[in-house]
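Quick note on our numbering: the sequence shown kicks off at 1 and runs consecutively. A virtual CB, placed ideally from N, CA and C, is assigned to each residue, including glycine.
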Amino acid sequence: MTLDSDNPNQPIGNLQPHVIDIGKGNARTAPPRSAPPPLDGAPSATLSAPRAWHRYEVLGCFALMMVAIQVALGPKIRLSQWEMNADSNAAVAEGVAWMKGRLDIPPVRNNELQWDYPEVRDWERKDPEVRLHDTAYNPENHKYYNVFPPLFSILTVAVSPFHKLVGMPETMWRPEMMALLIYWPIAIVSFVTFHRRLQNPMWAAILAFALIGGTSILPGLNETRHGLLGRMDHVMSQIGLLIFAADLLGRQRIWPALIGLFIAVYARQITILYGVVLLAVAWKRYGAKGFALAGLGLAVIVGPLLTLNYYKFGDPLEFGYRHIYAGRGGDLMGERVQKYGTFSPKYILGVDGDDGNLFFMHLSLPKMGDVSLTSVHLYDANQKGTSLWFTTPMAFWVLIAAAAWWREKNARWLMLSTIPIMIVLSMYHSSGYIQHGFNRFALDFLPIWLLVVAPYSIGGRNRWRSWLTLAFAGWGLLYYSIITPDALVRPASVALQIVETMSHGQV
């Protein structure tokens, strides 16, 4: 049927509809096609109004994000100050021990590891002063072991040829190598995964910046300059979780998800629970063969960890956390473990008159002292954690957009997989202690939440979504920039101090 037809009911048959372009007279052109319907419950195309972005635009948005990190967060991250060494980092010490053909970490004398492994006298074996902080004392063989996941132990061995080439001791890391393996990956992976989810580099840059600067990733990067292992592990786990979630939300090729899960598990062992949803997706997508291959991949991830446990503690399922409190009399966490165990349902609501993990993760508000436009003093009472909803209100999109992500099948299963993680965390004997004004354990599921809800938080026809997201992100960035102190520049020559003072945004 044509526009000048006399019969409006004339059947169309095989004719293509057309419109008249006024600028071209009576020339007929095909009408614009509407976006195809979403597949398998994917987010509606009307949410983000996708358009084609040139690669230079994508790179430009990434570059602007890095500039924003440099300007806004640079003094708090300050890459030039990053360092870690075996004398203060148990994973580095374990990696050096591996290169010496041993699993155990040597004792400490005068704050230095004794790599000749001197014999420790019977009466001081449990003394925490003769071993690195938070390392385990095995009463069966009287040796000291790292209990943190072995990602940085593996990386220490992997980068040792480079450090040897540049004349660095095997017990130390250079700042450049730390930046290459920690800082740049978290920035690149955050941007790429949000961009793949949204197909919008501008919003990808905004949300990636909000993730890095508006969650407890920022305090983690701040403490990385001291080589604080627990914080570094959480930063590295974000890289793995984002890769894992991006694959399950996208093409579901499974092998990228396995790589992401490997990184996450070797930084945070609890994330192995995400293996359940990986198996379910593999079965649904590829059948029994996919399930078997995914199971084999999980076995490759878990096998070395269980083997290490066996050779350290004589039990594949013994990770050694209860042994880190040996000899630490009066330690709050140690007393809890002695009375209730490493994990217990009692920790959910609290023990011994203290509030529980559920409170510190979801309800606890910061207890502030002196407040100014540039800083805020948090009392020590905040060291057990602060509500993730207060510190990172972007999480509210999980509730606001619940109906939307529930209709997206891939997102629904991924979101449900975070519930077991939250349950296990709530039963742990520690809430993430010490963490002034934030909750670092929330990072075990928060990046997945934010990646899932990203398409529903950036607008479309409803502009209020975009403005609300900017307000949420702005609050998170402001809050974390206030509670995270600037990294002090180490003393150096007068000339170097002048350069560093002038370079306020240096990272």
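Reduced DSSP category for residue i - H, G, I as helix; E, B as strand; rest coil
i, result
"V489", "coil"
"H377", "strand"
"E223", "helix"
"E119", "coil"
"L39", "For L39, the predicted model reports a pLDDT of 41, less than 50, meaning its position is unreliable; a value from the coordinates is still stated below. In this structure, L39 counts as coil in the three-state DSSP scheme."
"G25", "Low confidence applies to G25: its pLDDT is 44, below 50, so where it sits in the model is not reliable enough to give any reading."
"R51", "coil"
"E408", "coil"
"L198", "helix"
"D444", "helix"
"P316", "coil"
"L365", "coil"
"R33", "With a pLDDT of 42 at R33, under the threshold of 50, the predicted position of this residue should be treated as unreliable, though the coordinate-derived value follows. In this structure, R33 counts as coil in the three-state DSSP scheme."
"H436", "coil"
"Q383", "helix"
"S457", "helix"
"K126", "coil"
"V351", "coil"
"Q338", "helix"
"A187", "helix"
Boundaries of the beta strand (DSSP E) in which residue i is found, first to last residue
i, result
"G369", "M368 to V371"
"Y144", "K143 to N146"
Spatially closest choice to residue i from the options, by CA coordinates
i, options, result
"A402", "P393, F390 and M415", "M415"
"E124", "G327, K284 and T215", "G327"
"D354", "P118, V147, W405 and G385", "G385"
"V300", "I270, Y266, I243 and F319", "Y266"
"N111", "V130, P316, T224 and L64", "V130"
"L198", "A52, K289, I263 and R253", "A52"
"M168", "T418, K346 and A86", "A86"
"M66", "L261, Y145, V189 and H163", "V189"
"T469", "M394, A208 and P455", "M394"
"G227", "L477, A93 and G369", "A93"
"L399", "S457, Y433, L358 and Y311", "S457"
"G476", "T224, F209, M361 and I421", "F209"
"N357", "L249, M422 and L229", "M422"
"V108", "M84, S481 and K143", "K143"
"Y145", "K284, S387, V96 and F360", "V96"
"I483", "K76, C61 and F62", "K76"
"S466", "G295, L207 and P175", "L207"
"P455", "L388, Y274, L249 and I348", "L249"
"K367", "L308, V351 and F438", "F438"
"V424", "G474, T193, K289 and T342", "T342"
"V192", "H429, L478 and L59", "L59"
Residue(s) in a DSSP beta bridge with residue i
i, result
"F343", "Y428"
"G136", "What sits at residue 136 in the sequence shown is Ala, not Gly. Partner(s): Y145."
"N85", "M172"
"V277", "Note: V277 sits in no beta bridge, so no partner."
"I105", "Y144"
"E112", "R109"
Per-residue burial, residue i [other beta carbons within 10 Å of its own, 16 or more giving buried]
i, result
"W184", "exposed"
"L488", "exposed"
"A204", "buried"
"T271", "buried"
"W406", "exposed"
"T574", "The question about residue 574 has no answer here: the residues shown for the chain are numbered 1 through 507."
"Q238", "buried"
"L103", "exposed"
"R520", "In the structure displayed, the chain extends from 1 to 507; residue 520 sits before or after that span and is not available."
"G518", "Beyond the ends of the chain as shown, which are 1 and 507, falls residue 518; an answer cannot be given."
"N462", "exposed"
"M427", "buried"
"D370", "exposed"
"Y480", "buried"
"N141", "exposed"
"A63", "exposed"
Start-to-end residues for the alpha helix (DSSP H) that takes in residue i
i, result
"V58", "R55 to A68"
"G213", "P201 to G213"
"M394", "Careful: M394 lies outside any alpha helix (DSSP H) and carries neither H nor E."
"G74", "G74 to I77"
"L181", "Per DSSP, L181 belongs to no alpha helix (DSSP H) and is neither H nor E."
"D247", "L229 to L249"
"S153", "L151 to L165"
"I272", "Run containing I272: none; DSSP gives neither H nor E here."
"I263", "W255 to V265"
"S387", "Where S387 is concerned, there is no enclosing alpha helix (DSSP H), given that its DSSP letter is neither H nor E."
"S481", "R463 to I483"
"V92", "A90 to M99"
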